[in-house]
Amino acid sequence: MSNRKFWILVSGFMLAFGTVADGVSATKKAPKRTVTAGITARVPIETGIVPAADRISDDDARLALARVLSYDDSLLEESVREYGIFLRNRPLQTDVRYELAEVYVRQKKYRDALQEFNTVLLQQPENVRVKLAVGRIYLWTQNLEKAAFIFDELGRNKSANADVFLELARAYSWSKQYDKAIAAYQEAIRRMDKAGLEVYAELGDTYLYVAQLSYAIENYRKALALNPLSDMVEKKLALALSWAGHDQEALSRLEKLYARFPDDREIVIELGRVFVRRQEPKRALLLLEAMQAKHHPKDVEFLLAVADIEAYLGHAKKCRDLYLKSLDLSKNDKKILLRYADQMMMWGDFHGAEKVYRNHLKAQPDDVEVMLRLALVLLSSERYEEAEGLYQRLLLNDQATDKVLLELAKLKISEKDFDAALSFVDRFLSGNQGGKSGHLVRADALYAAGKHKESLEAYQFLTTDPSYRLIGLSGMGKAYLKQELPEKATSSFEKVYQAEPENVEAQFHLAGHERVKDDDFVKEILRSAEGKPRKLETWARLYATKGLNDIALKCYRAALSEDSQYFPARIGLAEMLAIDHQYDASVSLYRELAGEFPEVSKILIGQARVLGWSKRYQESIELYEKIHRINPVDPVVLREKARVAVWGKLIDEAMCSYGELLSPTVDGELVTGLATLAMKVKDKDFIRSYKRLREKVEKGSVYEGYEAFDQDFKSYSKSLSPKLRKKIQSKQVELLSTYRIQKAAYLEKQAKALVWNKRFTRAMGVYEELVQFNPGNEEAIFDYAQVECSLGLCDREAKTYKKLLHVDPLHGLAKQAHHRQEIRKNPSLELSHSYWKEEGRGDLARIKRNRSDLLLDIPVWCRYHLGIIGHHWIENPDFTGKSYDANGYTIQFKGVLSPHVKGEAAWTHKEYSDSSFKSKDSGFGHVWFNVRDDVVLGAGFDRTDELYNYFGLKQGLQADTAWVSFSSPVSRQLEISGALRYLDYNDSNSGQYHSLSAAYAFTDHPRIFKVILSGDYRDTRQENISKYDTSGNLTDITHPYWTPKNYIGGGITLEWYHDLSKFFFCGSELHFYDLRLSFGTDSSSNAAVRLEGEWHYEFYDHWSVGIKGTIHRSREWDADGLFGNIKYQF
Amino acid sequence: MKNPKDRSVHRMVAPAVLLISLMGILPCGTGQIDLSTAAQQESRVPAVKAPEIVTTESKEEIPDWLARWELARVLSYVKKYDESVMEYKKLIREKPSLVEAKIEMANVMYWQGKMSDALKELEAIPVRAMTDKTRVLMADLYVHQKKYDLAESLYRSYLDKNRDDLKVRLKLAETLSWSRKYDDSLAEYEKILSVKPSDAQVRRKYAFVLIWAGRHSDAARELRSTLK
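Right under this line is the structure:
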C-alpha cells in the first residue's frame, strides 16, 4: 500500500490537506494560517513587529512543528513527541489526536494508533472517519472479522461512502469470503462517480480467487481502459487470459509485456505455459531454461515454474527432480513442500503427498485448504472411507461446507455410491441453486447411476451457461447414446466439435463405434496427433473404455514414440497391457517405472495388482507387504493383499491381512474415546447407550457397537446440549472411516471364508449386506456373481454382472464372465457317443453297448433347461453275437428353483428295430435340498434299463430305484457323501445298494490331489438262476444281473484333477483333465483296480469337446468304457 | 505526490478561502489589513491627523465647507462612518480639489470595511499627491483585493525611502509569500530577522513560509528555536 499525499495550496496559504487513502492515511499537514480553532491564543508577551492579532501561539507553532516533522518518515518519532506535548496542553483537540493516530499508523504502531482513535471515538462516538480508520487497522492487522464487522456496520448507513464498501470488500476478500467481497466491491463501484483502476483490478483479483476467470478478465479490461499504460493491470489481464485458455490474446499481450519486461519471472513463466498449450513445449522450455540459466540459476520460484511446465508436459521425473532441487535450495521450504505434494499426484506418489499434508496438519490442524488436499489424495488412492471421514469432520465444524458437499458428491461417484452422491449434491444445490458446478456433478451422478433421461435434462440445463455449454453438450451426447438415440447424440457431438475441432471425445463419438475401429481411421488419428502425446493418450483412454485394447495400445505406443518420458502414457500403457492380459509386458513396464520412482504407491500397487491377475500370487503379496511397510495405514494395500491371497488359495494369509484391518476395533476405539465423557456426563440416554456399546465390545464386537450406538444416539441426540452433542458427534466422525473400513473388511472376510469353505448360500447373505454397505466394492459384486454361478442361478448371475459393469464398465473379468453367461443362456446342440463293454460274473455281464445322442438343450430363463435328445442304441450281447439297434428320444427338464432347491426329471422312450424286443420307457426324477450349506440332501426315483446280457435285453429288464442321499462339505478339503438306494426290478426282485464315501483334497485348485475312501453295501432279495438245456447250454437266466447278497465292498481312489483353464472363474472356458485310479476289494475277496480318465476342453466361446474312459479289472468283472462328445452353444 | 502549486487545486479552493476570509475565520494573514478589529480602530482614533483650520481672517466666519470637513472628521471619531462619509462626499462635491479630504474619506471607508470604495477613492488621487503612508494604505487595500503585485510595488517604493520600517517590510514579506514568491519573501524575512533575531513571531512566520517553500527541515529548525 502506498501513501499518496497531496497538498492544497491557495494563494500562498497552506489551507488544508487531502489524502487519497488506499491504505495508510496521510498525516502531512501544512500549518494553517489560523489560530487553532477554539483556542484563544496564548500570545507570547513581547514587543515585536507582528501585530497582536497575527501572532502565532506556542501551541500553533508546536502543531506546525509536529506536522512538518511528520513529513519526513525518519522524523516520525519526533513528530509524535511534539504531537504529544501539544495534546497534553489540549487533550480535547480531537482532530490533532486523529493526526497523531495517523502518524502512528505510518509507523505501523497499530496498537498506539488504535488507542488514539479510540480516544477520539470516546468524544465523538459517531465519527465515521475514525471508525473507518479503526476498521482499516483491523484490516491491516489481519483482524479481518472485526474489520468486516466495522465496515459492515458503517455500510448500513445509507449515506456511507464508497470507501466503506471498498474496505469491506477487502476485509471479505482477505478472509476468503469471496462472494461477499464481490458484492461489496460492486456496491463500492455503484457508489463511486467513477471507480478507479485499483478497484476494478481488485475486483478482478477476487473473481480470480473464485476461479471466475471471465469476470476477472472483464474487470481487468475495465481497469486497463482507465489507464491503458498500466503495466500492472495489463499483466494481470494477460495472466488471467492465459489461465482462462484464451491463448491467442494472452500470447499477444504476454509477448508485448515480455518485450518490455524480459526479466519478469511471471510473464516469462506464463508465456512458457502458453507455448506449451499451443503445442510448442520445446519453445517453452527453451525460453524458460535460457532465462533460468541466465538470470535465475538458483531462483527457486523459477525452478518451480520450470518444474510445473515439466509436469504439464507429463515429464514426471524431471518435475520431481526440479522440485527436489528447489527443496534443497530453499532448505525444505514448507510452501514448496506443499506444492511438491500437489505435483506428486501426477505420478501417483499418494503416500508421499499424504505424509507431507499430514505433517503440515500436525502443525496447523485447522488448515482447511490442506485438509481438502489431503482428502483429495486419499480419494485418488481409492481410500474413500478416510477421505469421507475428513470431509465429514469439516462438515461437522461448518468449514467450507459448500465445497465439501460437492467434493463428497464426487467422492461418492468415484465410490460408485450414486444415490449418496445425488443426496450430497442435492444438499449442495439447496443452498447454491445457481452453482453450475453442482449441476454438473448432479448430471454426472445421474449418468453414472444409469438415470440417463434425467441426466440428459441436467446436462441440457448446463448448456445455458456459456462456461458449461460444451461439457453439457458432450454429456447430452453420451446420454443420448445410452438411450440409443444416435442421431441426437451426433447432433450434440457435432456442436462440440464445431466449437472445439480438437475435442477428441467428440471426434470419437462422431466417428461412430464401427468407424473408430477402421484401420484407416486409426492411421489418420495417429498421423494427426503427431507431436501431441497428450492427445494420443486421450484417444487411448477412449479406446480402452470401449474395450478396443489393440487400438488403445497403439495409441499409447504412438504417444511414447512422440515423447518417451510422457508419464501418463507410460503408466497408461502398463495398465492397458494388464487389461489386455499381457501381464509379463505390463509387469516389466511397471518395474521400469518403479526403478525411476521408488516407493511410489500408484506404481507399486499397479504392479502388485498385475502380479495378482497374472496368478503370480506370492510375488504380488510380497510387493503388497513392501507397500504396507512404506505406509502401514493404507487400508487399500491390506485389503488387496488379502484378496490376492484368497485368489492364491493362501487363505490363512488372507484372513491375517483382513485381521490387520480389524485391529484395533472401531468399537473398542469408540469406548475409549467416550470413556471420559461417560464419567463426566450424567445424561441417562447417553450412559445407557454407552453401556450397551461397552457390553458389545466385551463380547468381541468389531463394528456392530458403533452402529448400535449411532442408532441410539440419533434417537436422543436432540435432547442433549449442543456442546455434548458435538463432542459425541466429533468422536463418531473421527472414527467414521475406521468404522467403514472395518465393516467392509469384516464382511468381506466373512464372505470369503464362507466361499472358501463352500458355504455358498450363506456367503450370499453376507455379500448382499456388503454390497449394500459398499456399492462400489467390485470384488464383492464379482464374488457374489460367482457364487450365483456356482449355485446355478444363471439369471441372477447375469444381473449381478450387469450391475458390476455398470459400476465399472472396464472390469475385464466381469465382461468376460458376462459374455460367457450370455452364451450359456443360449440353446446348444450336442453330439455324443458312448461305448461300454463288460465281461464277468459268469454269464451275467456279457455285453457291448454303443449309444449315440443328439441333444438340443433349450435354456429357459437361463437357470432352467429343457432338453430333447434323440438316441440311437446298438447293443451287442455276447450270447447271440448279434447287434440290436434301437432308437428313441428323451425329454428332460432340469433347473435350480432357488439357492436351496434344485431338481431334474426326464422321460426316455426306446424302440428296438427288432420287434421281438419290447419298447421301453425309462426316466427319473431327482430333487436336492441345500440345508445351510452344511449338507445337501437328495431324493429321487429312477427307472433304468438293466442291460448286462442278452437275457436282460430279451426280458426288457428294468429297475425302479428310490434313493435318498446326502453330501456334506465338512471343510474345503473334506467331503462326505452317501446314499441309500432301494431297487425294485420288474422281474419280481428287489435289492438295496447303499454307499458312503469320504474325499479329502490334499492340494487345492487348480491342481487337486484327492484321496477318496469309499464303501458300499449291496443286497438282493433273490439271486440269479441260470437255466441250461440238456446240452448244458445256457438258455435263460432268471434275474439276469448281478445279485450280490450282503455284499460289502471298499476301495480307495487317488484322483488328480488339473484345471488348465486360462481363466479361473465360474463360467469361464473350462479346460481340464482328471485321472482317477481306484483299488478295491470286497466281501468276496475280489480285488479290483480301475483307471478312469477325462479330458474336457471348451474353445472359441461356443465349442466344447470331451472324452472320458474307464478301464476296470478284477477277478470277477472287467469293464471298458469310452465316452466322447462335441457341443456347440449358439 | 501532487505539485503543491497545482493550479486546478487552487481554483477549486480559492472561493472557499475567500468566503472564509470574509467570515473572519481566518483572522490573520489572509490579506486583511491590520485595522479591521475594533481594538485596532480604537488605538488609531483619531486615525487622521486633524487638519489645520484655515482661516482667512480670524474674525471672519468659518466657511461652511470647513465646518463640514470638521463635522465629517468628528463623526468618524465617534464611529458614525456612514454619516461621516456622507459629509465628506458633500465636502468633496463642493471642493473637488481637496485631495486631503479624499484621503481622509478613503480612510473612513476603510474603517467601514468598504475596501473597494476606499481603494477607488485613492486610485482617483494622483500618486504624486500621496504621502508615503497613503501609499502603504493603498498597498494594504491591494493586498485585501489579492492584487499582490500592485501591493508589492507600493510597499517596495515605500521601503526604498523607509528602509528601516520593519513593519512594512513584514507586510511585504507576507505579500510575497502569498503570491508564492517564497524566495523573495524569505529574503525579506531574513532582513527583518537580521535586525530582530529574537522576534519569535517573525521567526514563526518565516518558518511557515519555509514550509510552503518545501524547506521542511529548515522550517522545523526555525520553529523548534521558537519553542522552549
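For the protein sequence lines, the chains are E and P, in the order given. Residue numbers for the first sequence follow numbering that gives the first Met the number 0, so the first one is 0 and each next one is one higher. Residue numbers for the second sequence follow numbering that gives the first Met the number 0, so the first one is 0 and each next one is one higher. Every residue gets a Cβ at the ideal spot worked out from N, C-alpha and C, and that includes glycine. Every value quoted in this text rests on a predicted model; they were computed, and no experiment measured them.
With 16 or more other CB atoms across the displayed protein chains lying within 10 angstroms of its CB, GLU120/P is buried.
At a cut-off of 8 angstroms between C-beta atoms, LEU149/P does not count as an interface residue with respect to chain E. A straight-line Cα-Cα distance of about 10 angstroms links TYR181/P and PHE207/P. The residues TYR616, in chain order, have a CB closer than 6 angstroms to that of GLY647/E in the same chain once the five nearest residues on each side in sequence are set aside. Judged by DSSP in its simplified three-state form, SER1084/E adopts coil rather than helix or strand. Contact between the segment 700-720 of chain E and the segment 617-624 of chain E is not established, with fewer than three Cβ pairs separated by less than 8 angstroms. In the same chain as TYR689/E, and ignoring 5 residues on each side of it, the C-beta atoms closer than 7 angstroms to its own belong to LEU673, ALA677, in chain order. For LYS204/P, a Cβ of chain E is located within less than 8 angstroms of the residue's own Cβ.
Distance from the Cα of ARG840/E is smallest, within the candidate group VAL267/E, ASN88/E, ARG1114/E, ASP320/E, for ARG1114/E. Within its own chain, the residues whose Cβ lies closer than 7 angstroms to the Cβ of ALA180/E, once the five positions on either side in sequence are excluded, are ALA168, TYR171, SER172, THR205, listed in chain order.
In the structure shown, ASN106/P falls within a helical segment according to DSSP collapsed to helix, strand and coil. Here ILE602/E is near ILE570/E, since their CB atoms are less than 8 angstroms apart. Cβ neighbours of GLU353/E within its own chain (closer than 6 angstroms, five residues either side excluded): VAL376.
Note that the C-beta distance between LEU240/E and ILE216/E is below 8 angstroms. Identification of residues in the segment 84-97 of chain P having a C-beta nearer than 7 angstroms to some C-beta of chain E yields an empty set.
Comparing alpha carbon positions, the residue from PRO124/E, LYS145/E, GLU125/E closest to GLY134/E is LYS145/E.
Residue range 109-122 is occupied by the alpha helix (DSSP H) that includes VAL119/E.
For ARG202/P, the number of other beta carbons within 10 angstroms of its own is at least 16, and it is reported as buried. Close partners of ILE55/E in chain P (Cβ separation under 8 angstroms): GLN200, ARG203, LYS204, PHE207.
Secondary structure at PHE1063/E: coil, using DSSP grouped into helix, strand and coil. Taking a C-beta cut-off of 7 angstroms against chain P, none of the residues of the segment 188-221 of chain E qualify. About 11 angstroms separates the beta carbons of SER964/E and SER996/E, which is beyond the 8 angstroms limit, so they are not a contact pair.
Each residue's CA atom was taken as its position, placing ARG693/E and TYR177/E some 47 angstroms apart.
Annotation: LEU86/E has no Cβ neighbours in chain P at a cutoff of 8 angstroms; minimum Cβ distance is about 15 angstroms.
Think of a sphere of 8 angstroms around the beta carbon of ARG223/P: the chain E residues whose beta carbon falls inside it are LEU64, in chain order. With a cutoff of 8 angstroms on beta-carbon distance, ILE868/E and ASP884/E are scored as not near each other.
Annotated three-state conformation of PRO90/E is coil, per DSSP.
In this structure the segment 1079-1098 of chain E does not lie against the segment 788-801 of chain E, because fewer than three pairs of beta carbons, one per stretch, are closer than 8 angstroms.
A straight line joining the alpha-carbon of ALA528/E with that of PHE520/E spans about 12 angstroms.
The DSSP assignment places complete alpha helix (DSSP H) segments of no fewer than 4 residues inside the segment 908-990 of chain E at 949-954, in order along the chain. By the criterion of at least three beta-carbon pairs nearer than 8 angstroms, the segment 1002-1012 of chain E is not in contact with the segment 1021-1040 of chain E. Inter-residue distance for VAL104/E and PRO90/E is about 20 angstroms (C-alpha atoms, whole angstroms). Here the alpha carbons of GLU493/E and HIS438/E stand approximately 23 angstroms from one another. For LEU192/P, the closest Cβ of chain E is not nearer than 8 angstroms. For ARG105/E, no Cβ of chain P is located within less than 8 angstroms of the residue's own Cβ.
Neighbours of VAL503/E in chain P, taken as residues at a C-beta separation under 7 angstroms, are lacking, since the least C-beta distance is about 58 angstroms.
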